[in-house]
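Heads up: the structure comes next, in structure tokens.
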Amino acid sequence: MSLDDCIGHLCLRCGICCNGILFGDVRIPDPAEARQLEAARLPLRGKTQGRSVCACLPQPCPALGKGNLCAVYRDRPTRCRQFECALLKQAVAGAIALPQAVRVIRETLARAQRVSALLEALGNHRSDRSLARRFRALQRALPRRALTEDSASLFADLTLQVHDLNLSLRRHFYPGD
204 MSLDDCIGHL CLRCGICCNG ILFGDVRIPD PAEARQLEAA RLPLRGKTQG
254 RSVCACLPQP CPALGKGNLC AVYRDRPTRC RQFECALLKQ AVAGAIALPQ
304 AVRVIRETLA RAQRVSALLE ALGNHRSDRS LARRFRALQR ALPRRALTED
354 SASLFADLTL QVHDLNLSLR RHFYPGD
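So for the sequence shown, our numbering puts the first residue at 204; every next one is plus one.
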């Protein structure tokens, strides 16, 4: 199957590379590209990369719209343009059938939803942040909070769910070496 066909069947059902599940941000090392994104009113953060500061587009991406459509698709960052997840590569190569790939997407999104619901239950309502960033913030806040038996149980479940999600992401989505 062609790359364009797979993108139409998978990417528009997925959005995992843009919605804060897979990545915390997208590095934008090219200053001209950063200016173009700022002109499109996308918020960028500065991040130290070696001795220089490089712009980062925080995830979930503010350009991600309904139906996983990108508002800046034609002018999306080079890193976004070049990224192909492992699942997409496998589908293009014929190593996984499209219905199976769609099932993997559905299951991974359900895992992410469980993580998000547990984060909410534990008081982290920052849906504008990546799941990993929300989880780390909660981990840092825990020593300052008195945990009840219920909240400790929720946090234990959250930790297991984050681990399960990360295993799925590593297995199916990170492109690897």
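We put the beta carbon where it would ideally sit given N, CA and C, even for glycine.
Buried versus exposed call for residue i [16 or more other C-beta atoms within 10 Å across all chains shown]
i	result
residue 261	buried
residue 351	exposed
residue 364	buried
residue 256	exposed
residue 321	buried
residue 223	buried
residue 349	exposed
residue 301	exposed
residue 266	buried
Top-ranked residue by Cα proximity to residue i, from the options
i	options	result
residue 225	363, 345 and 337	337
residue 243	335, 220, 280 and 373	280
residue 227	332, 361 and 369	332
residue 273	245, 249 and 298	245
residue 229	282, 313 and 345	282
residue 284	370, 353 and 207	207
residue 372	348, 313, 297 and 359	313
residue 310	205, 219 and 204	219
Cβ-Cβ distance between residue i and residue j below 8 Å
i	j	result
residue 214	residue 271	yes
residue 368	residue 318	yes
residue 340	residue 327	yes
residue 221	residue 264	yes
residue 324	residue 357	yes
Within-8 Å CB hit, residue i to chain C
i	result
residue 316	Checking the listed chains, one finds no chain C in this structure; it contains a single protein chain.
Cutoff 8 Å; reference residue i; Cβ partners in own chain excluding five residues on either side
i	result
residue 297	204
Own chain residues within Cβ distance below 6 Å of residue i, not counting five before or after
i	result
residue 355	none
Contact set for residue i: own chain, Cβ-Cβ below 7 Å, skip 5 residues either direction
i	result
residue 241	247
Quiz item: Hey, is the stretch 365-380 in contact with the stretch 283-293, meaning 3+ C-beta pairs nearer than 8 Å?
Solution: The way I'd put it, the stretch 365-380 does touch the stretch 283-293; three or more beta-carbon pairs between them come closer than 8 Å.
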